[in-house]
Amino acid sequence: MRIVIAGGHGQIALRLERLLAARGDEVAGIIRKAEQADDLRQAGAEPVVLDLESASVDEVAERLRGADAAVFAAGAGPGSGATRKDTVDKAAAVLFADAAVKAGVRRFVVVSSMGADPRHQGDEIFDVYLRAKGEADAYVRGLDALDWTILRPGRLTDDAGTGLVRLEARTGRGPIPRDDVAAVLAELVDTSATAGLTLELISGSAPVSVAVKSVAGN
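Numbering (my numbering), first residue to last: 6 to 223.
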């Protein structure tokens, strides 16, 4: 498969790129800064320098053309203000989805957040973030031209992955290593029977492949 990842230099994206490249997939990661390119090459991915905050739908679609799947893993990051929650976590996700439709890429996986909700109340930065992610998710869900899956991980940690997860429509809150999020994403990209599902993810007792198969088609 050829898979294009938005936010290609993110912590989850770099892990995902390594997993996909190791299994023989062709991976491209969209990055904003040219100096990040070497990190992607080391992960086995082709770096594509493009700023999703200023690019047009046509420019992004051109990078997506010929791909079998697209993964939105971009984020403004914990140090960013409310404005970038809107321009990255929401607007860039919408742009990437529209570009996937234009390029004819049906398989579309979103890395969202547990608690994402367009109706989320509050004015703190994290409230704005959850609202932006929720609005982006709602937009993607409305696109019939995409076979979308939305993944909402719990509290992300840098602990070593265990390969054991809980993946359901509702899991309740809990931690999840970034290693295991990447492993689940690698399975989801390959499992189109999870299209149309919004899934929460925390650490659990099911091997990743078993967890994905158990929700596929539900």
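Built from N, CA and C at the ideal position, the CB exists for glycine as well. No experiment lies behind these values; they were computed from the predicted model shown.
Candidates the options, of which the one nearest residue i by Cα
| i | options | result |
| --- | --- | --- |
| E31 | A72, V54 and G15 | A72 |
| V116 | M6, L202 and L169 | L202 |
| D184 | E192, R178 and L135 | E192 |
| L100 | L69, P123, S219 and V217 | L69 |
| D149 | M6, A200, Q126 and G209 | A200 |
| D56 | A27, A96 and G29 | A96 |
| I10 | A75, G127 and E64 | A75 |
| T154 | V217, D63, E58 and M6 | V217 |
Sequence-distant residues of its chain with Cβ nearer than 7 Å to residue i (five each side left out)
| i | result |
| --- | --- |
| L151 | A102, A105, V106, R111, F113 and V145 |
| G80 | G12, G15, V93 and D94 |
| A187 | I17, R20, L21 and L24 |
| A121 | L135, K138, G139, D142 and R157 |
| D164 | P182 |
| P123 | R136, G139, E140 and A143 |
| A87 | I130 and V133 |
| S197 | R112 and D152 |
| V62 | L100, D103, A104 and K107 |
Within 8 Å, strictly: CB atoms of residue i and residue j
| i | j | result |
| --- | --- | --- |
| E205 | R157 | yes |
| I207 | R175 | no |
| A221 | L169 | no |
| A98 | F77 | yes |
| V213 | V189 | yes |
| R46 | M119 | no |
Neighbourhood of residue i by C-beta distance below 8 Å, restricted to the same chain and skipping five residues each side
| i | result |
| --- | --- |
| A42 | I36, P52 and V54 |
| I8 | L25, D30, E31, V32, A33, A72, D73, A74, A75, V76 and V194 |
| H125 | D132, L135, R136 and G139 |
Cβ distance (whole Å) where residue i is taken to contact residue j below 8 Å
| i | j | result |
| --- | --- | --- |
| G34 | A50 | 5 Å |
| P180 | T162 | 5 Å |
| A108 | A66 | 4 Å |
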